[in-house]
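What follows is one structure encoded as structure tokens, with my remarks underneath.
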Amino acid sequence: MTGAAAEAAATEPSPDAVPIKEEGIGEDFDSEAQNGNGAESDGSNYREPAEYLTKRLKLKIFVVDAMISAVIGAGTNFGIAYATYHNQAAGVHLFRFPNALAADCSFTLLAQFIITWLAEVFVVNNDLRRGWVDPIGFLREPKGKFLRWYFLLDRENQMPHQVKGRWNWVRFIWSQILRSIVLFLVFFPPTFGVSVGALSAVGTKTPYGDWNFPDTYTPQIYKLILGIVIGALSTPLMSLYTIVRVGWILKARKRAEE
């Protein structure tokens with residue numbers, strides 16, 4: 000047998016070999032074998048999970064994501080409020096429709112949470128894949144059913160770049176919307192309560208138990224402040240969701256390979 004033939008025989012897999020497929024948390028990365036330079040076959044180049052909150056993570060989570068989201072949320076809310084409430088003959092009220100700021104608060108919160116969550120899932124996943132930010136590896140992987148469901152730790156192909164097919168995309172988007180609504184339900188009671196309290200303090204009380212506001216500029220300023228506060232407070236948590244989840248998946252895969 001020549002040297003080339005011997006080398007080919009040595010590298011050819013045995014017919015008796017059975018491929019092993021890890022189940023559960025590691026499956027998000029099963030199809031992404033790393034090349035020799037550390038980059039993976041689909042172009043991903045994940046960093047090693049960080050064992051502390053690095054400067055890169057602090058900048059990403061609390062400055063870049065939080066501030067950009069606050070600015071976008073404030074500008075969008077202000078513009079929509081101006082178009083909605085300016086020169087309204089029906090007046091602007093706290094509870095009475097058609098121009099009820101309390102109802103507007105509820106809808107704005109829900110819309111901002113869903114849109115921001117979806118944006119963060121795609122943006123943060125891309126940043127992690129390119130190696131621009133570290134996954135977090137110092138938090139303990141949850142064992143409880145709810146947290147494992149919430150972080151999609153027992154379902155495969157739950158990264159945006161892994162989703163293939165129309166119905167898989169529908170399922171993926173719906174699963175992310177559902178998780179954004181869970182976070183919205185945590186934020187809603189205190190945010191709604193503070194909003195109603197602040198608006199009732201600056202509005203004009205009516206004999207019917209409601210409050211009236213001028214169509215300019217109380218609704219616009221209120222929506223501007225709401226966009227800033229929600230963007231700055233909720234977006235870091237949304238960013239952390241993907242950063243922490245990827246860290247758990249990478250560490251689980253490493254354990255499976257040992």
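Residues 0 to 257 (numbering that gives the first Met the number 0) make up the sequence shown, in order.
C-beta atoms are modelled at their ideal positions from N, C-alpha and C, and glycine is treated no differently.
* If you drop the 5 nearest sequence neighbours on each side, which residues of the same chain put their C-beta closer than 7 Å to that of Asp209? -> Around Asp209: His92, Leu93, Phe94 and Arg95.
* Asked: Does the Cβ-Cβ distance between Gly226 and Phe77 come in under 9 Å?
  -> Yes, they are a contact pair.
* For Ser179 and Leu258, believed in contact at Cβ under 8 Å, the rounded distance -> Since the first and last residues shown for the chain are 0 and 257, residue 258 lies out of range.
* Taking only the alpha-carbon atoms, compute the straight-line gap between Trp166 and His160 and give it to the nearest angstrom. => One C-alpha to the other measures close to 15 Å.
* Asked: Using the C-alpha atoms, what's the distance from Glu256 back to Leu108?
  -> When rounded, the separation of the alpha-carbon atoms in Leu108 and Glu256 is 43 Å.
* Work out the CA separation of Glu155 and Ser30 for me, nearest whole Å. => Its pLDDT being 35, under 50, Ser30 is placed unreliably in this model, and the value from its coordinates should be taken loosely. Between Ser30 and Glu155, the C-alpha separation is close to 10 Å.
* **C-alpha gap between Phe187 and Ala89, whole angstroms** => Per the coordinates, the alpha-carbon of Phe187 lies some 27 Å from the alpha-carbon of Ala89.
* Note down the Cα distance separating Pro213 from Tyr221, rounded to an integer number of angstroms. => When rounded, the distance between both Cα atoms is 12 Å.
* Going by alpha carbons, who is nearest to Ser105 out of Thr53, Ile229, Val123 and Asn86? -> Closest option to Ser105, judged by alpha-carbon separation, among Thr53, Ile229, Val123 and Asn86: Ile229.
* Does the Cβ-Cβ distance between Thr203 and Glu119 come in under 9 Å? -> Not closer than 9 Å, so no.
* Please report how far the alpha carbon of Leu138 lies from the alpha carbon of Asp64, in whole angstroms. => Roughly 21 Å between the two C-alpha positions.
* **Euclidean distance between Cα positions of Asn98 and Gly72** => Straight through space, the alpha carbons of Gly72 and Asn98 are spaced by roughly 21 Å.
* Within the stretch 108-194, ranges of the alpha helix (DSSP H) (whole runs, at least 4 residues) -> If you keep only unbroken alpha helix (DSSP H) runs of at least 4 residues inside the stretch 108-194, you get 144-149.
* Give the straight-line distance between the Cα atoms of Pro48 and Ile224, rounded to the nearest whole angstrom. => Looking at the two C-alpha atoms, the distance is approximately 35 Å.
* Asked: Can you give the Cα-Cα distance for Val132 and Tyr45, rounded to whole angstroms?
  -> If I take the Cα positions, the gap works out to 8 Å.
* Asked: Do Phe191 and Ile113 come within 9 Å of each other at the CB atom, strictly closer than that value?
  -> No.
* Asked: Any chance the CB of Asn167 is under 8 Å from a heavy atom of the ligand PLP?
  -> As for the ligand PLP, it is missing from this structure, which has no ligand bound.
* Reference Gln219; option with closest CA among Ile135, Leu177, Ile79 and Phe61 -> Relative to Gln219, the option among Ile135, Leu177, Ile79 and Phe61 whose CA is nearest is Ile79.
* Per DSSP, cross-strand counterpart(s) of Trp210 -> Trp210 pairs with Lys204.
* CA nearest to the CA of Ile242, picked from Gln111, Val122 and His85 -> The shortest C-alpha separation from Ile242 is found at Val122.
* To do: Would you mind working out which of Arg252, Leu249, Lys253 and Ser238 sits nearest Asp126, comparing C-alpha positions?
  => Of Arg252, Leu249, Lys253 and Ser238, the smallest CA-CA separation from Asp126 is found for Ser238.
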